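In what follows, a single structure is set out as structure tokens and then discussed.
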Amino acid sequence: DGGTHVANTEEVGQIRIVDYKSKGAINKRLVIELEP
């Protein structure tokens, strides 16, 4: 649970945050898109 995991953030490259939702006092949900 918790989404995709990578060993190093360099594997992902550039991202763009397209949505943000508060799921409580601590938990937040980010929806991202990978940049080409």
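First residue of the sequence shown? That's 46 in the working numbering, and the numbers climb one at a time after it.
Note that the Cβ used here is the ideal one computed from N, Cα and C, for glycine as well.
In this text, all values refer to a predicted model and were calculated from it rather than measured experimentally.
Of the listed residues the options, nearest to residue i (C-alpha basis)
i          : options           : result
residue 94 : 60, 55 and 50     : Any answer about residue 94 is impossible in this case: the structure gives the chain only from 46 up to 81.
residue 76 : 67, 69, 70 and 62 : 62
Same chain, Cβ closer than 7 Å to residue i, neighbours up to 5 away in sequence not counted
i          : result
residue 67 : 73
One or two residues paired with residue i in a DSSP bridge
i          : result
residue 68 : Per DSSP, none; premise fails for residue 68.
residue 78 : 61
Short Cβ contact (8 Å threshold) for residue i with residue j
i          : j          : result
residue 79 : residue 58 : yes
Close-in-space but distant-in-sequence residues of the same chain around residue i (CB under 6 Å, 5 per side omitted)
i          : result
residue 64 : 76
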